[in-house]
Amino acid sequence: MASSATMKMLGGAFLAASAVLQGVAATLDGPSPWVAEEFGPDVVAPATLSVLESTQDINATSPYVNDERENDLNTRADKFFLRVMPLGASITQGIRSTDGNGYRKHIRDQLRFAGWNVNMVGSKQDGNMNDKENEGHPGWVISQVTGAAKDNAHLRPNLVTINAGTNDCIQNIDVDNAGKRMKAMLDLLKKEIPETTILLSTLVPSATRQSCVDNVNRQFKGLKDEANGVYIAEMQLTMSDITSDGVHPTDDGYRKMAAAWWAAFQRAEGKLKAPSSHIDDKKETEGGSGGKTCAKSKDVAGRGPVQTQLEGTGADDGNYRHRSAPGITFTVPSSSSIQYQFAQLVNLGGADRGGETDELVKIERPGDGSNRYSYYLNSGGKYSTSTIDFGLPFRCDGNVAHVWGDLNNDGLDDLWCIGAQGQASVALNRGGNPPRFESVGEIMASPGPYGPGDILVADIDGDGRADYCIQENNGDIRCWRNAGSGDKPSFWQSFAKAEGGGDVVFTGKGKPNKNMVRMGDMNGNFRSDWMYIGDQGQVETWINQRGWGTGMVPDWVSAGQTHAGIGRGSEIKLGRVYGSGRLDYIWMKPAGNNIEVTVYQNLGEGGLRRKGDGVYYCDMTGNGSDDYVWVWSAGDKAELYLNNHSPPNWKEDTKTLFNIGRNRRSIHLADWDGDGKCDVLSQRKSDGALEWWRNGYDKATGKFTFEYKGFVDGSNKCNQGWGVNLFDRGLRLADIDGDGRADYLCLEKDGRTTGFLNTKTGIADVGQIKFSEGWDRANLRFADVEGSGRADLIWVDKYSGQGTVMKNKGRQQTGGSSFTWENRGVLYPSVGERGANLHFANLGGKGRADLVQVLPITNRAYTWFNECPGGGGDDGPIVDPKLPAYRNAKRSRVMRGLEW
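Going by mature numbering (1 follows the signal peptide of the UniProt record, and there is no 0), the letters in the sequence shown line up with residues -26 to -1, 1 to 874, in that order.
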């Protein structure tokens, strides 16, 4: 075959050298390291060339002759990784290929065969290959793809392959200026990632827009700028390589595309630069659990449970301990037709949740249906001497009960009119002084043979919304959960499971008179406790605490007899007189034609906080793994436990990591400045303005400092504050654009989210990033599930804890939301724990959200690690993918890896 040959050992392989062939010289060491138009710096060009006319198998031959070449394919892998970003539209994604990979796996295999380590990067994952990340967005035009390039420049690819413009032709978008739009994309990439090399593809043939394709291709070829790292990959497919849709390549067409990319790469490889990213490419692509960018397996929680926290960290405030002090005394009129109740009708001064002060409501019921409603206004623990009238939008008379409870979580009590068979109609308190009430009609039909006296309205789960309960004759309390996020329940739920209703949430205590049971918040944790008032006014109390396991039935903790009692049991009422969040003890003693009202102020303490309430996870040292931080409720102390990847034995590092003296509910740990370390931020509840303490951790000394930076400019973007539930936060900080900086997210109660990107130059408003799915925001988490670098949205089922993932697909240019989310379904199955006890943290250091169960009473924790299966980013052993031949049109020769 060869006219002459000199065999030389080269890198463990023999190459046929210094020979002029009728075809090409033989090689055992893979494809040629040179191309026809430009030789690499380590290649000496052959003196002569002949044209290959035969149809011999060129996949087993080398197209170059070079006596002097030193093989560096093996050593090249030791220099740096190729971080390859495939950028474009549906062809880049691989639509119409049988495996969904398109050209991407073929070119990756070829690069690996040539001795390179390869890490594909991008925000999307498509196809059945392991390393499947890309930026292929079906239907997108050049300007939209440019947006994807900008949004994902933080991934720092050092090689970008671009195939974009086909949709500009299909949509006939200013075709004559397609080259200018592409030039803008190239300039943006070179500005954002100076170290990157770009391979720009010409367009593949089109069944209906070929003249446009030719026009665009002429423009693209004019953008060649190899001196500045921009190379042209001429596709040169024929219509036989295009599927019946006239747009997308066949499998053979995609293989030819890979050959064209490979030819362009060979011209460019001498100009490649090492990636500057802080990301560990080796860790991303190595086998076993080292990879991070694989798709998370559905219905597999992950490796676990692994105990990751011992008992003993954190602190609670013990059981509820009651004490009181005498308060105000005043008189009100007495009559058999007058009924007195306590409810917050008016929020004077806009008191925060937990600062509710009840009005004394006066209901006059003459029996003819002409009820009159009025109240004595509570002004800071002091009642007005005259009443203020108010009206209702419906009649609530006859054999009914007036019951007060906050139906819609706005902090004002609404009127529940309980009918003769236990049915409930509600008049919403719309605020004002006097308040305006609006009917929402009947919200609960009769539950069975129960009367008005059997019905209790209480917030069982502590979400700020009153639930509907009935009391059985044996004292058991059965409840229907108010499953709403708006002005009325969207439906009613059970507390044991999502379906049904009326499960027992509290077992009777053998008390003789169920009419003396009261439910309300005795200790100020926003949950309705159970109280029994004895004949002499003594009170026995059971405190409602956050429980564990599946379902939402509370953990009830006995506080024993909390009130010694005074007067008769029938004369005792409980109400929020002093705005402490706790029920005060009220003795309404008959005194002739009056009632003497004496209030005993509740000064009790304890039973508010569980150890699990203070758990935070964030990377405080910048080593790529989340540490465990326990923050005290007043924000005056935070304890740090460094993640040494030896669970459950954390390195107890700092007893007082920071002391900012801010309400724990306001505190966020997040990397605000993009240096890899989590800073401390505190939101102002009224408008979300952020105070910032910058983390100045010194790796050399292991010392932490937190420099106060003041309020972040332009951060007053969210007035949603926080609610009464542990996770009911209207402001979240999470990196949704993947630039390494936590972004500012504002969540409405139904989960609708607006976003403000935290950029180098300030906060940028991107409007609505996610429309409402009707999910209570308390059940929403933001965490990076599949190692994309961007936070995904996880909806946690409050009963079972299973997590449905909305995959963050990045910025989109059109539509109602500025980000695209793909519903991936349940990626975190139930591990037998309710949602309120679950966290999502990167404890394993893979950049993926692990599932962490924290038991509220002990702080013991178990983790299911979210890891990639064996194989990492690679697909099997390194083998020659045998790409098609490629012809160099200028020299009229067929060469492997050149133009065909």
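Glycine included, C-beta positions come from ideal geometry on N, C-alpha and C.
Check: If we count the other Cβ atoms within 10 Å of its Cβ and call it buried at 16 or more, is Q399 buried or exposed?
Finding: Counting from 1 along the sequence shown, the entry for residue 399 is found at position 425. Note that residue 399 is Ser in the sequence shown, not Gln. Per the 10 Å Cβ criterion, buried.
Check: When you compare only the Cα positions, how much space is there between L381 and P249?
Finding: Looking up residue 381 in the sequence shown gives position 407. Looking up residue 249 in the sequence shown gives position 275. Spanning the two alpha carbons is a distance of roughly 56 angstroms.
Check: Where does W604 sit, in a helix, a strand or coil, going by DSSP?
Finding: Translated into positions along the sequence shown, residue 604 becomes position 630. Note: W604 maps to strand in three-state DSSP.
Notebook entry, point to check: When we look at the beta-carbon of E841 and count the other beta-carbons within 10 Å, is it buried (16 or more) or exposed?
Noted result: Translated into the one-based positions of the sequence shown, residue 841 becomes position 867. E841 comes out buried.
Next item on the list: On the DSSP bridge assignment, give the partners of D672 in chain order.
Entry: As a working note, residue 672 is residue 698 in the sequence shown. According to DSSP, D672 bridges with K677.
Check: Can you tell me whether DSSP reads F793 as helix, strand or coil?
Finding: Position 819 of the sequence shown, counting from 1, holds the residue named residue 793. The answer is strand: DSSP assigns F793 an E or B state.
Next item on the list: Pull up the CB-CB distance for Q318 and E338, whole angstroms please, since I reckon it's below 8 angstroms.
Entry: Here residue 318 corresponds to residue number 344 of the sequence shown, with the count starting at 1. Here residue 338 corresponds to residue number 364 of the sequence shown, with the count starting at 1. 21 angstroms between Cβ atoms; not a contact.
Next item on the list: Report the partner residues of R492 according to the DSSP bridge assignment.
Entry: Taking the sequence shown and counting its residues from 1, one reaches residue 492 at position 518. Its beta-bridge partners are M505.
Notebook entry, point to check: Would you call the CB atoms of A181 and L857 closer than 9 angstroms?
Noted result: Walking along the sequence shown from the start, residue 181 turns up at place 207. Walking along the sequence shown from the start, residue 857 turns up at place 883. For A181 and L857, no; Cβs fall outside 9 angstroms.
Notebook entry, point to check: Is there contact here, the region 539 to 549 with the region 559 to 578, by at least three beta-carbon pairs under 8 angstroms?
Noted result: yes
Next item on the list: Grab the span of the beta strand (DSSP E) containing E416 for me, first residue to last.
Entry: The count along the sequence shown starts at 1 and reaches residue 416 at position 442. It spans 411 to 418 - the beta strand (DSSP E) in which E416 sits, taken as one unbroken run.
Notebook entry, point to check: Going by beta carbon distance, what residues of the same chain come within less than 6 angstroms of G784, once the five residues before and after it are set aside?
Noted result: In the sequence shown, residue 784 corresponds to position 810, counting from 1. Closer than 6 angstroms at the Cβ level, and outside the excluded window around G784, lie S97, D125.
Item checked: Integer Cβ distance of G712 from S762, believed to fall under 8 angstroms -> Counting from 1 along the sequence shown, the entry for residue 712 is found at position 738. Counting from 1 along the sequence shown, the entry for residue 762 is found at position 788. Right, the Cβ-Cβ distance comes to about 7 angstroms (below 8 angstroms), so this counts as a contact.
Note to self: Rounding to the nearest angstrom, what Cα-Cα distance links L160 and V770 in this structure?
What the structure shows: Stepping through the sequence shown from its first residue, residue 160 is reached at position 186. Stepping through the sequence shown from its first residue, residue 770 is reached at position 796. The straight-line gap from Cα to Cα measures roughly 41 angstroms.
Margin query: What does the alpha-carbon distance come out to for the pair N782 and Q742?
Written below: Along the sequence shown, one-based indexing puts residue 782 at 808. Along the sequence shown, one-based indexing puts residue 742 at 768. So the alpha carbons of these two residues sit roughly 14 angstroms apart.
Next item on the list: Tell me whether E200 sits in a helix, a strand or coil according to DSSP, three-state version.
Entry: On the sequence shown, residue 200 is found 226 positions in, with the first residue counted as 1. In the structure shown, E200 sits in a helix (DSSP, three-state: H, G or I).
Next item on the list: In angstroms with no decimal places, state the Cα-to-Cα distance between G422 and G476.
Entry: In the sequence shown, counting from the first residue as 1, residue 422 sits at position 448. In the sequence shown, counting from the first residue as 1, residue 476 sits at position 502. Cα to Cα, the separation comes out at about 11 angstroms.
Item checked: Meets three-Cβ-pair contact criterion under 8 angstroms: the region 306 to 317 and the region 605 to 624 -> no
Next item on the list: State buried or exposed for A242, treating a residue as buried only when at least 16 other CB atoms are found within 10 Å of its CB.
Entry: Position 268 of the sequence shown, counted from the first residue, corresponds to residue 242. A242 is buried by the Cβ-count criterion.
Item checked: H813 - containing beta strand (DSSP E), residue span -> Here residue 813 refers to the residue found at position 839 of the sequence shown. Here the beta strand (DSSP E) through H813 covers 812 to 815.
Note to self: I392 and I417 - do their beta-carbons sit closer together than 9 angstroms?
What the structure shows: For the purposes of this step, residue 417 is identified with residue 443 of the sequence shown, where counting begins at 1. For the purposes of this step, residue 392 is identified with residue 418 of the sequence shown, where counting begins at 1. Going by C-beta atoms, I417 is not nearer than 9 angstroms to I392.
Next item on the list: Could you tell me which residues DSSP pairs with T728 in its beta bridges?
Entry: Working through the sequence shown from its first residue, we reach residue 728 at position 754. Looking at the DSSP assignment, T728 forms a beta bridge with C720, Q742.
Check: Are the C-beta atoms of G365 and some chain D residue less than 9 angstroms apart?
Finding: Among the chains of the structure shown, chain D does not appear; only one protein chain is present.
Notebook entry, point to check: How big is the Cα-Cα spacing for G695 and G329?
Noted result: Stepping through the sequence shown from its first residue, residue 695 is reached at position 721. Stepping through the sequence shown from its first residue, residue 329 is reached at position 355. Between G695 and G329, the C-alpha separation is close to 15 angstroms.
Next item on the list: Starting from Q657, trace the beta strand (DSSP E) both ways and give me its first and last residue.
Entry: Translated into positions along the sequence shown, residue 657 becomes position 683. That run of the beta strand (DSSP E) goes 653 to 657.
Next item on the list: Entirely within the region 754 to 780 and at least 3 residues each: give me those beta strand (DSSP E) ranges in chain order.
Entry: 754 to 757, 766 to 770
Item checked: Where T120 falls, given that 16 or more other Cβ within 10 Å makes a residue buried -> The count along the sequence shown starts at 1 and reaches residue 120 at position 146. T120 is buried by the Cβ-count criterion.
Margin query: Across the region 431 to 447 and the region 495 to 513, are there enough close Cβ pairs to call them in contact, namely three or more that are closer than 8 angstroms?
Written below: yes
Check: Once you ignore the five residues that flank G379 on each side, which residues in its own chain have a CB closer than 8 angstroms to its CB?
Finding: Here residue 379 refers to the residue found at position 405 of the sequence shown. These residues qualify, in order along the chain: D387, D388, W390, V431, A432, D433, A440.
Note to self: Buried or exposed for D100, going by 16 or more other Cβ atoms inside 10 Å?
What the structure shows: In the sequence shown, residue 100 corresponds to position 126, counting from 1. Buried, since its Cβ has 16 or more Cβ neighbours within 10 Å.
Checklist line | C-alpha distance - D52 paired with N91, whole-angstrom precision | finding: Start at 1 with the first residue of the sequence shown, and residue 52 comes out as number 78. Start at 1 with the first residue of the sequence shown, and residue 91 comes out as number 117. At D52 the pLDDT is 48, less than 50, meaning the model places this residue with poor confidence and gives no usable figure here.
Check: Does the Cβ-Cβ distance between D601 and W624 come in under 9 angstroms?
Finding: As a position in the sequence shown, residue 601 is number 627, starting the count at 1. As a position in the sequence shown, residue 624 is number 650, starting the count at 1. Yes, the pair counts as a contact, with Cβ atoms nearer than the cut-off.
Check: Short check: CB of W838 to CB of A275, under 9 angstroms?
Finding: If you number the sequence shown from 1, residue 838 lands on position 864. If you number the sequence shown from 1, residue 275 lands on position 301. For W838 and A275, yes; Cβs fall inside 9 angstroms.
Next item on the list: Please classify D824: does DSSP put it in a helix, a strand, or coil?
Entry: Position 850 of the sequence shown holds residue 824. In this structure, D824 counts as strand in the three-state DSSP scheme.
Next item on the list: Return the residue from the list K336, I81, K157 that minimises the CA-CA distance to R229.
Entry: Taking the sequence shown and counting its residues from 1, the one referred to as residue 229 is at position 255. When each option's Cα is compared against that of R229, the closest is I81.
Next item on the list: Can you tell me which of G244, D105, N568, G438 puts its alpha carbon nearest to the alpha carbon of R703?
Entry: Indexing the sequence shown from 1 puts residue 703 at position 729. Of G244, D105, N568, G438, the residue nearest in Cα terms is G438.
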